[in-house]
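Asks:
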Amino acid sequence: METSGNVTYLNHPLIQHKISILRNKNTGTNEFRQLVEEIAMLEGFEALKDLPLEDVEVETPIETCMTPMIAGRKLAIVPILRAGLGMVEGILALVPSAKVGHIGLYRDEVTFEPHEYYCKLPDPIEERTIVVCDPMLATGGSAVDAITMIKQHGGKNIKFMCIIAAPDGVKKLHEEHPDVQIYVGHLDRCLNENAYICPGLGDAGDRIFGTK
Ligand code: PRP
Ligand code: URA
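Residues in the sequence shown are numbered from 16 upward in steps of one, following this note's numbering.
#1: Could you tell me which of Gly-43, Ile-34, Ala-62, Arg-48 sits nearest to Met-176, measuring between CA atoms?
#2: Is the beta carbon of Pro-111 sitting closer than 9 Å to the one on Ile-85?
#3: Could you give the residue range of the alpha helix (DSSP H) that holds Arg-122?
#4: On the CB-based measure, 16 or more other CB atoms within 10 Å of its CB, does Leu-29 come out buried or exposed?
#5: May I ask which residues mark the beginning and end of the beta strand (DSSP E) holding Asp-70?
#6: Going straight from the alpha carbon of Leu-202 to that of Leu-216, what length do you get?
#7: Which value, in whole angstroms, describes the spacing of the CA atoms of Val-125 and Tyr-132?
#8: Measuring only the C-alpha atoms, how far is Val-51 from Ile-178?
#9: Run the CB neighbour count on Pro-150, radius 10 Å, all protein chains shown included, and call it buried at 16 or more, exposed below.
#10: Just checking my contact of Ala-55 with Ile-106 at CB under 8 Å: how many whole Å lie between their CB atoms?
#11: For a quick check, are the C-beta atoms of Pro-94 and Val-147 less than 9 Å apart?
#12: Measure the alpha-carbon distance for Val-199 versus Pro-193 and round it to whole angstroms.
#13: Can you give the Cα-Cα distance for Leu-57 and Asp-123, rounded to whole angstroms?
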């Protein structure tokens, strides 16, 4: 793990190995979906290490003791549709009681600008730790807009988790939302003329859902 300001690069060998399989154009939908979920779980393990705890009383078969459990309102997981959906089950495996919101955005194929079509967040959003997830942080436009929407609804304690990021996306997200902790599976080289990440893995939504 390597941290630079509020950006954490999750360079664990298991994450790197699984990302390499994702990149392979011959990896099929089934395996791709499974890997996205597993990587999200491994990233979540690190991203959620500061969840607040409180001691509660538990009766073991031996005696009663005070023992820590996660405190406060339940976590909110907010995938950016569509591709972010692929990461939800992996994070839910760690925190099964989490609530799930959804933000629908798609990138215009010509301007690369994000367009919003859906937003539904668990109440009260302002009292929750919020994990926004999307496998790809390319120009950063989608992540920036999604987090702006969450803040407009009152969200405060926000983390953003992606699998592959481009330097432009990390820079833009950090500049626009410096309070947000960013977790990156791998930082790639650059964007191409179509604003796709190089070497990347192609279109994450299409590869998760088997569309073209
Ligand atoms: C992809 C991806 C991100 C976005 C990243 O979604 O899942 O949401 O692009 O690009 P950006 O950082 O330049 O905004 P897309 O718009 O292709 O929609 P989809 O998930 O529905 O396929
Ligand atoms: N969205 C994707 O799915 N892949 C990219 O490389 C960039 C944006």
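By construction, the Cβ of each residue, glycine as well, lies at the ideal position given by its N, Cα and C atoms.
The structure displayed is predicted, hence computed values, not measured ones.
Replies: Considering the structure as presented:
#1: Stepping through the sequence shown from its first residue, residue 176 is reached at position 161. The shortest C-alpha to C-alpha distance from Met-176 to any of Gly-43, Ile-34, Ala-62, Arg-48 is the one to Ala-62.
#2: Working through the sequence shown from its first residue, we reach residue 111 at position 96. Working through the sequence shown from its first residue, we reach residue 85 at position 70. With respect to the 9 Å criterion, Pro-111 and Ile-85 are not classified as neighbours on the basis of their beta carbons.
#3: Mapped onto the sequence shown, residue 122 falls at position 107. Judged by DSSP secondary structure, Arg-122 falls outside any alpha helix (DSSP H) and instead within the beta strand (DSSP E) spanning 117-122.
#4: Along the sequence shown, read from residue 1 onward, the residue named residue 29 stands at position 14. By the neighbour-count rule (16 or more Cβ atoms within 10 Å), Leu-29 is not buried but exposed.
#5: Residue 70 sits at position 55 when you count from the first residue of the sequence shown. Element bounds for Asp-70: 68-74.
#6: Position 187 of the sequence shown holds residue 202. Position 201 of the sequence shown holds residue 216. Looking at the two C-alpha atoms, the distance is approximately 12 Å.
#7: The residue given as residue 125 occupies position 110 in the sequence shown. The residue given as residue 132 occupies position 117 in the sequence shown. Taken atom to atom, the span from the alpha-carbon of Val-125 to that of Tyr-132 is near 18 Å.
#8: For the purposes of this step, residue 51 is taken as residue 36 along the sequence shown, with counting starting at 1. For the purposes of this step, residue 178 is taken as residue 163 along the sequence shown, with counting starting at 1. Those two C-alpha atoms are separated by around 8 Å.
#9: Looking up residue 150 in the sequence shown gives position 135. With a 10 Å radius around the Cβ and a threshold of 16 neighbouring Cβ atoms, Pro-150 comes out buried.
#10: Here residue 55 refers to the residue found at position 40 of the sequence shown. Here residue 106 refers to the residue found at position 91 of the sequence shown. With 8 Å as the limit, Ala-55 and Ile-106 qualify as a contact, their Cβ atoms being about 6 Å apart.
#11: Taking the first residue of the sequence shown as 1, we reach residue 94 at position 79. Taking the first residue of the sequence shown as 1, we reach residue 147 at position 132. Yes; because the gap between Cβ atoms is below 9 Å, this pair is in contact.
#12: Position 184 of the sequence shown, counted from the start, is the residue given in the question as residue 199. Position 178 of the sequence shown, counted from the start, is the residue given in the question as residue 193. Distance between the alpha carbons of Val-199 and Pro-193 is about 15 Å.
#13: Along the sequence shown, one-based indexing puts residue 57 at 42. Along the sequence shown, one-based indexing puts residue 123 at 108. Rounded to whole angstroms, Leu-57 to Asp-123 spans 31 Å at the Cα level.
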